[in-house]
Amino acid sequence: MADLRSPDPSIRTLTNEDAPALLALIARNPVQHAFVQQQLDVVGGKIDVLPGARILGRFDDAGVMVAACWLGANVVPVTADEGEQAREHGEAFGRRVLTSRKRFASIFGPKAGVEGIWDVVKTSPAFYPRSVRLTQPFMTLEGPAVIEGSGRVRQGYVSDFDAFWPASVAMFTEELGYSPLDVGEASYRARVKQLLACGQALLEPGAAGTTVRFKAELGVVTGQATQIQGVWMHPDHRGIGLSASRVADVVAHAHTWAPVTSLYVNDYNHAARAVYEKVGFQTTGMFATVLL
35 MADLRSPDPS IRTLTNEDAP ALLALIARNP VQHAFVQQQL DVVGGKIDVL PGARILGRFD
95 DAGVMVAACW LGANVVPVTA DEGEQAREHG EAFGRRVLTS RKRFASIFGP KAGVEGIWDV
155 VKTSPAFYPR SVRLTQPFMT LEGPAVIEGS GRVRQGYVSD FDAFWPASVA MFTEELGYSP
215 LDVGEASYRA RVKQLLACGQ ALLEPGAAGT TVRFKAELGV VTGQATQIQG VWMHPDHRGI
275 GLSASRVADV VAHAHTWAPV TSLYVNDYNH AARAVYEKVG FQTTGMFATV LL
């Protein structure tokens, strides 16, 4: 492994002038790299004005960008390569991340790149993980769901916040193992309100005055793809075959935004994977996530 103290001349911070090359790199797999595309869309492709974030680029000897890495609240690799080459790009970015004094919430994205970053940064006590999930099937669906939706899931609005918020907290706690009320409540509350305000939160109402029965969000939206996140069914309604039709409802809504719907799921969550496969999702890649 290279000396962690030595700067890598193949890596530098990107500027506005690098936007065309970065967008071309993303376009080689726009569904898997939709998160970074969305961040660029927000600022009109102006890398220099990204709020609280920067993007590293890696270049070959001819000066061609071969990989990139988003450094914001999270670390997210972007590479058109796969396997060992993507892992090597990740290791190079990991060495640069080690020199940063910034605290990150997670590392996520295509598996090989994440593994490369993690192999390097895990040597530092500053990157002690809450959870390491290195095998997460990345699933996509082009076109409509293959089963009929329930017709019960609708777009959420800010006025639904009081019913939506408890479900969001429950989903977060079940998925991550700790409550957002204990760590970062204000930012999570703002994020949930933003999704409701933008029309990217979906819900099935519960009884009057109670939490929702089902929820999901389109956590990532670009012109090419959406990414479903935060899927949650109230415990009283689990295990009776309701989830698939609700996810089909979410897919129908997602397709009003973009032609491809995606998500990723923990490999050990066999029940969720079965639901997504029933709806029509197919595994087209592999993601990994390290929660910090």
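Per my numbering, the very first residue in the sequence shown carries number 35; after that it's consecutive. We treat Cβ as the ideally placed atom computed from N, Cα and C, and that holds for glycine. Bear in mind that the values here come from a model prediction, so they are computed numbers and not experimental data.
- Contact annotation: the stretch 179-191 touches the stretch 271-290, with at least three C-beta pairs closer than 8 angstroms.
- According to the DSSP assignment, V100 belongs to the beta strand (DSSP E) that extends over M99 to L105.
- Check the Cα spacing between G78 and each of G91, N63 and L57: the tightest is with L57.
- Following the DSSP letters along the chain, one finds P200 inside the alpha helix (DSSP H) bounded by residues F195 to L210.
- Residue range H304 to V313 is occupied by the alpha helix (DSSP H) that includes Y310.
- Looking at the backbone, the Cα of K156 and that of G128 are separated by about 9 angstroms.
- Nearest to C103 by C-alpha distance, out of F69, P85, D95 and V76, is F69.
- Taking a C-beta distance under 8 angstroms as the contact criterion, L59 and V110 do not qualify as a contact pair.
- Beta-bridge pairing by DSSP links W266 to K249.
- When only Cα atoms are considered, G257 and G314 end up about 21 angstroms apart.
- Distance from the CA of T295 to the CA of D94, rounded to the nearest whole angstrom, comes to 33 angstroms.
- Between V324 and Y302, the alpha-carbon positions lie close to 16 angstroms from each other.
- Secondary structure of N50 (DSSP, three-state): helix.
- Secondary structure of V284 (DSSP, three-state): helix.
- The C-beta distance from K249 to S202 rounds to 7 angstroms, short enough to meet the 8 angstroms contact threshold.
- Counting the other CB atoms within 10 Å of its CB gives L229 a total of 16 or more, which places it among the buried residues.
- V166 has V324 as its beta-bridge partners, per DSSP.
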